[in-house]
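Heads up: the structure comes next, in structure tokens.
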Amino acid sequence: TLTTQFCPMGEAITSDVTESLTSSFPEWEIHVNLTFDPPWDYTKISPEGNKYLGR
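Okay, so the sequence shown: first residue is 6 according to the numbering used here, each after it adds one.
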């Protein structure tokens, strides 16, 4: 799940994940599907991430 459906990094993230998995598992055909259910919210930030953000 991206932060929004219009996240400008969506294509780059999907591409990077596909490339990484293809490199690690060359015998597999990789398909990456994004989902927006459940939607992203701030509760998904790790404790470490919250500390980094000063929360």
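Where is the CB? At the ideal position from N, CA and C, for every residue including glycine.
Is the Cβ-Cβ distance between residue 6 and residue 40 less than 8 Å?
-> In this structure, residue 40 lies closer than 8 Å to residue 6 by Cβ.
Is it true that the CB of residue 37 sits closer than 8 Å to the CB of residue 27?
-> With contacts defined as CB atoms closer than 8 Å, residue 27 and residue 37 fail to qualify as a contacting pair.
Endpoints, alpha helix (DSSP H) assigned at residue 47 | DSSP places residue 47 in no alpha helix (DSSP H); its state is neither H nor E.
In chain order, what residues of the same chain lie with their CB nearer than 7 Å to the CB of residue 63, ignoring the 5 residues before and after it?
-> In this structure the chain extends from 6 to 60, so residue 63 is not present and cannot be described.
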